[in-house]
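Residue numbering for the sequence shown follows this note's numbering, starting at 14 and increasing by one per position.
Just so it is clear, CB atoms sit at the ideal spot from N, CA and C, and this is done for glycine as well.
Please read these numbers as outputs of a predicted model, since none were measured by experiment.
To keep things clear, I will list the structure first and then write my remarks on it.
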Amino acid sequence: MIESLPPAPLWRRLIAATYDGLLMLALWMVTVLIDAVLRELAGASRSWGSLQLYVFVVWLGFFGWFWTHGGQTLGMRVWRLRVLRDNGDTLNMVSAAVRYAGMLLVWGVALTPLLALTPPLRVEPHAAIASMICGGLTMAMLALMLFDRRLRAPHDWLSGSHLVLLPKPAAKSIG
Numbered sequence: 014m015i016e017s018l019p020p021a022p023l024w025r026r027l028i029a030a031t032y033d034g035l036l037m038l039a040l041w042m043v044t045v046l047i048d049a050v051l052r053e054l055a056g057a058s059r060s061w062g063s064l065q066l067y068v069f070v071v072w073l074g075f076f077g078w079f080w081t082h083g084g085q086t087l088g089m090r091v092w093r094l095r096v097l098r099d100n101g102d103t104l105n106m107v108s109a110a111v112r113y114a115g116m117l118l119v120w121g122v123a124l125t126p127l128l129a130l131t132p133p134l135r136v137e138p139h140a141a142i143a144s145m146i147c148g149g150l151t152m153a154m155l156a157l158m159l160f161d162r163r164l165r166a167p168h169d170w171l172s173g174s175h176l177v178l179l180p181k182p183a184a185k186s187i188g
């Protein structure tokens with residue numbers, strides 16, 4: 014049955030990513046709040062490096078748990094997407110971690126040009142050009158998805174996984 018499921022189209026992936034992005038924003042706010050409260054109670058100074066690591070681990074826990082328990086985040090569930098290993102199994106924690114890290118790399122590089130152009134950052138011109146080149150390369154890598162039979166993104170290749178589109182659930186009869 015797994016072989017008969019079609020690959021997830023790019024537009025569904027992006028909408029599901031938007032849903033999950035909103036969840037990540039909320040999770041980020043709660044994580045920063047907890048970090049701030051714990052640091053205040055302990056009298057510890059702020060450490061951006063440890064906060065970044067903390068957010069990374071919390072998000073890994075979020076994606077890792079959902080991908081290893083059913084293969085769907087909340088955004089993926091709404092849009093009937095499921096991530097599977099290339100052999101049809103659900104992801105294990107190692108492949109979920111590799112997929113998560115690859116996903117962060119792809120999205121981070123893809124969004125860098127937008128961040129570099131925001132006024133408060135005041136990025137040097139050569140750094141802005143380098144980030145635009147990186148963003149262009151990432152978009153080119155994502156465009157390669159269109160030539161892959163299973164529409165795999167770079168983080169899918171790295172983790173040996175792919176996204177499939179699940180069929181619509183059967184209509185429930187009344188009575």
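- ILE142 sits away from GLY88, with the two beta carbons spaced by 9 Å or more.
- In the three-state DSSP reduction, LEU18 falls in the coil class, being neither helix nor strand.
- Relative to MET158, the option among LEU176, CYS147, MET37 and SER17 whose CA is nearest is LEU176.
- A distance below 7 Å between beta-carbons, with the five flanking residues on each side excluded, links ASP48 to the following residues of its chain, in chain order: LEU64 and TYR67.
- Distance from GLY115 to VAL96 at the Cβ level is roughly 12 Å; contact not present, criterion being Cβ atoms closer than 8 Å.
- No beta strand (DSSP E) of 3 residues or more sits fully in the region 42-83.
- Within the same chain, Cβ atoms closer than 7 Å to the Cβ of MET37 are found at TRP72, the five residues on either side in sequence being excluded.
- For SER174, the enclosing beta strand (DSSP E) begins and ends at 174-178.
- Straight-line measurement puts the Cα of TRP41 at about 33 Å from the Cα of PRO182.
- A Cβ-Cβ distance of about 4 Å is found for the pair ARG93 and LEU179, placing them in contact under the 8 Å criterion.
- Rounded to the nearest whole angstrom, the CA to CA distance from ASP161 to LEU171 is 14 Å.
- Setting aside the 5 residues that flank it on each side, ARG163 is surrounded in the same chain by PRO20 and HIS175, each with a C-beta closer than 6 Å to its C-beta; the list follows chain order.
- Excluding five sequence positions before and after ARG112, the CB atoms of its chain that fall closer than 8 Å to its own CB belong to PHE76, TRP80, VAL96, LEU104, HIS168, ASP169, LEU171, SER172 and SER174, given in chain order.
- LEU104 carries a coil assignment under DSSP once its states are collapsed to helix, strand and coil.
- DSSP places ARG95 inside the beta strand (DSSP E), whose first and last residues are 94-98.
- Cβ-Cβ distances below 7 Å link TYR32 to LEU87, GLY88 and VAL91 in the same chain, with the five nearest sequence neighbours on each side left out; the list follows chain order.
- Between the alpha carbons of VAL43 and VAL50 lies a gap of roughly 11 Å.
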